[in-house]
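Chains as they are written, first to last, in full-length UniProt numbering: chain A, 1 to 375; chain B, 1 to 375.
Note that beta-carbon positions come from the ideal geometry of N, C-alpha and C, so glycine has one too.
As the structure is a computational prediction, the values presented were derived from the model and not from experiment.
Okay, so here's the structure we're looking at.
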C-alpha cells in the first residue's frame, strides 16, 4: 500500500535549479544473520600496520564478556563502550578524538561503530574529525568537510534510523542540533546482521522503527521527491507496514525492518525529511529527548500535514500497545518555546521539502509553538 | 503484486556455508532528467593530468554532432563509437585496451561507458584490463581480478540490464560466454539520466525491460534469495508491472524503468539469476543472439519453472503487441545443441540458484535440449 505519494516535479536539491546531487552510497555492504562473525576478515586488509589500531565504539548495552569474545581484536585495538542514553554531542566527539589522538602514536586504521543511531553517528563524526582540523561544531551544516574521513564501519544493532546509509551525522552542538552533512560522512563498510536486534526492548524497537516509517512519510510527501527517492521510500514503507501491521514470523520481521531502515535511509538521503524531524530536533535540543521517541511525540500531532501517515501511525501504536508520555511541554516557559522554535525553523531544507518554497508564510513561529504546546 | 517469492532460508552464496558475500555497491550515483549536463563537473576532480585522457566509449547510435556537442571533452579526451549490434567480446576488449595503451603515453584518467549493456560491459572490462595484465578471457569467472580497475563511469541509455550496478561484465569469449565477476567490476560512478531512453526503439525497450523483469523473477524464486535481495527484487518487480502493465505517463515510465533496472540489478547482485539466463547465454554464444531478445525467446518456454512469471510475461507481450521470432533453433545440428547445452550447464551458480543443490539430477542435458528445441 502506498500513501501520500505526491510525486511533484521538483528536483532533489534545495535550490530547485536543475542541478542534482551526486549522491554517495556505502561502497560495501554485507547482509545476513550471523554475518558479524566475518568482521575480522573484512577488517584485516584495511589494517595500516600493527601500531594503527581499530577503535570499536560500542553501545554499553553490549558491555559483557560474551559480546567482547566476538569482537575481532588484534594488536592494540581498543573497545570504547559508550552510553546511548543521551543524544550524541559535538563536545563528546571532540573528547573522543582528543583521547584517541593522545593515546596512539599514529592515526587508527579505522573506527567501527556498533549500536543504534547514537553510536553510528558518533563513529562517523569521530572518523571525520580524526582527519580534519578543528571541532565537531565547525562542521555542522552542509558540505563543510574538506578531507575524507578515516575508514569507518557501521554495524547497526537496532533498525530504523537510516544512519547506516545516510550522509549525515546528527549532533547536539552548543548552538544547534544539526548534522555534519557531507560526501565523506557515509560509512565505507556496513555490516547488517539482524541477530543484533534480538535483544532490543519493545518500546525502543517501536520508536526506532517509527523513525524509519516517518522518514518514508516525509520523503514520499516532500517537494524534493524524485523517482530515485520514491522507489526506495515506497519499498521501505511497505516493509514497515509488513513489520508493524502484518503478521509475519519474528525472524522475517527482524530482516525486513533492517532492510526498511536501509531503504528508508536511501530515500531521505536523496530527498529530505520534513515537519516531524524539524520539530523533533527542537525537542531534543531543549529537553534532551531521544530522537526516536521525539519523532513519535511530534508525529502524533501532525495529521494536518500527513493525514494518511498519522492514521497508519495510530494503527501501529494501537496494535503494539504503545503509550507515549503526555504533557512533555506542559511546564515550559516562553523562552523555552522560543528556543525550540528557533532551532526547528533553522532547518530550512526540511521545511522547504515539507511545505514548498513558500514555507515561511505557512509555518510561522506562532503556529509552530501551538504544535509544540500539544506535546 | 508479489510473485513466486519463495523465501527459502539459504544463504547468499553458492556454497551454502554461513559466509556471506561482502557486496560492492556503486559509491556515487546521480539521478535526474538532464543530469548528463553535470558530467563535466563530476569528471573534473578525477582528471590525473592533461596527458591522461578520459575515454568515452559510446554506442554508435549516438554518433552525431548534437550528441558530441554535449560530451564534456577536454585536453586529449577521446570518444570511441562502438556498435552494439553484437554482444561484447573478449577479443574486442583486448583490442580496445591495446589501442588505448598504444595511443597514450600514460594510462587514461578513466573510462566512461555510454550505452546499453554492451557498452557498459565493454567499459567495465576495458577499465579492468587497463590495470591488470593479460587478456580479458583470463578473467572470465568469479573473483579472478587482482588489481582495482581504472576509474570508470557508467551512463545507461536504455533501462533493464542492471549492468549499471552489477559486479559482472558479461563477455563472449573463445570458449564461453561468462562474466568477469569481481569486486573491482562495478562502476565508480553512475549517472542515471532518463532522457537518454527517449530515443529507444519500442522492441528494444521491451526486450531490455524484460531483462530486468526476468532478473526479478529469477532472483525472487531462487534458492540464494535473502531479505536484502528480496526487497530490491520486489520493488523492481512492482516497477516493471507499473511500466509494462500499468497506465502511467511516459515520463514517469522512463523514470520508473530506470529505477527498476537499478533495483533489479541490486537484487541479482546479492543473489543470482536462473534458468532463463543460463539458457540465454548458450543461445547467444552459438547464434550471437542479443541478450534481451534471447532472454525473451527462452523465458516464454519456462512456465514449468516460473509459472506466474511466464503468465505475467505473456500479458506484457500481448499488451505491447510484441512478436518474437519463431523457429530460431529449427535448423540446428546435434553438435550445435551440444555446444549450447554445454555452455549453459557450465553456469553452475545459476542452476544451483534456480533448482537447488541437486540441480544436476533435475536439469539433464537431454531435458535442456528439449527446451532449446522449442525456441
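For residue 7 of chain B, the three-state DSSP class (helix, strand or coil): Confidence at residue 7 of chain B is low in this model, with a pLDDT of 34, below 50, so its placement is unreliable and the value that follows should be read with caution. Three-state DSSP puts residue 7 of chain B in coil, outside helix and strand.
At least 3 beta-carbon pairs within less than 8 Å: the segment 53-71 of chain B vs the segment 225-239 of chain B: no
The segment 29-59 of chain A: positions lying closer than 7 Å to chain B by Cβ: 29, 30, 31, 32, 34, 35, 38, 42
Same chain, Cβ closer than 8 Å to residue 9 of chain B, five either side skipped, listed in chain order: Residue placement at residue 9 of chain B cannot be trusted, given a pLDDT of 35 that sits under 50; what the coordinates show is reported in the next sentence. Nothing listed; no residue qualifies.
Cβ-Cβ separation, residue 341 of chain B to residue 297 of chain B (assumed contact under 8 Å), whole Å: Wrong, their Cβ atoms sit about 16 Å apart, outside the cutoff.
Closest by C-alpha distance to residue 268 of chain A, when choosing among A:200, A:175, A:23: A:23
Classification of residue 248 of chain B by the beta-carbon crowding that lies within 10 angstroms, buried from 16 upward: exposed
Proximity winner among A:356, A:279, A:19, A:261, relative to residue 216 of chain A (alpha-carbon distances): A:261
Cβ distance (whole Å) where residue 286 of chain A is taken to contact residue 339 of chain A below 8 Å: 5 Å
Euclidean distance between Cα positions of residue 195 of chain A and residue 332 of chain A: 41 Å
Assigned secondary structure, residue 181 of chain A (DSSP; H/G/I helix, E/B strand, else coil): strand
Residue-level contact to chain A via CB, residue 280 of chain B, 8 Å cutoff: no
Under the three-state DSSP convention, the category residue 29 of chain B falls into: strand
Contacting residues, own chain, Cβ-Cβ under 6 Å from residue 77 of chain B (five flanking each side not counted): 53, 54
Under 8 Å between C-beta atoms of residue 265 of chain A and residue 283 of chain A: no
Cβ pair residue 117 of chain B, residue 161 of chain B closer than 8 Å: yes
Exposed unless 16 or more other CB atoms sit within 10 angstroms - verdict on residue 95 of chain A: exposed
Those runs of the alpha helix (DSSP H) which lie wholly inside the segment 315-366 of chain B and span at least 4 residues: 334-345, 348-355, 359-362
C-beta neighbour in chain B for residue 235 of chain A, strict 8 Å: yes
Assigned exposure category for residue 75 of chain A - 16 Cβ within 10 Å defines buried: exposed
For residue 24 of chain A: DSSP bridge partner residues: B:28
Residues bridged to residue 154 of chain A [DSSP beta-bridge criterion]: A:113, A:190
8 Å Cβ cutoff, residue 8 of chain A in contact with chain B: Annotation note: pLDDT 36 at residue 8 of chain A (below 50); position unreliable, no value reported.
Presumed contact (8 Å Cβ cut-off) between residue 56 of chain B and residue 80 of chain B, rounded CB distance: 7 Å
Whole-angstrom C-beta distance between residue 169 of chain A and residue 124 of chain A, which should lie under 8 Å: 4 Å
Alpha carbon of residue 256 of chain B to alpha carbon of residue 238 of chain A, nearest angstrom: 17 Å
Spatially closest choice to residue 181 of chain B from B:121, B:210, B:199, B:236, by CA coordinates: B:121
Sub-8 Å separation of residue 109 of chain A and residue 47 of chain A beta-carbons: yes
Cutoff 7 Å; reference residue 211 of chain A; Cβ partners in own chain excluding five residues on either side: 160, 161, 291, 292, 295
Residue 78 of chain A - partner residues in DSSP beta bridges: A:55
Minimum Cβ-Cβ distance from residue 328 of chain A to chain B less than 8 Å: no
Three-state secondary structure (DSSP) of residue 172 of chain A: strand
Whole-Å CB distance - residue 144 of chain B paired with residue 111 of chain B, under 8 Å assumed: Residue 144 of chain B to residue 111 of chain B, Cβ: 20 Å. No contact.
Element boundaries [alpha helix (DSSP H), containing residue 232 of chain A]: 227-245
Euclidean distance between Cα positions of residue 14 of chain A and residue 25 of chain A: In this prediction, residue 14 of chain A has a pLDDT of 43, which is less than 50 and means its spatial position is unreliable; what the coordinates show is noted afterwards. For residue 14 of chain A and residue 25 of chain A, the distance between alpha carbons rounds to 20 Å.
Buried versus exposed call for residue 34 of chain B [16 or more other C-beta atoms within 10 Å across all chains shown]: exposed
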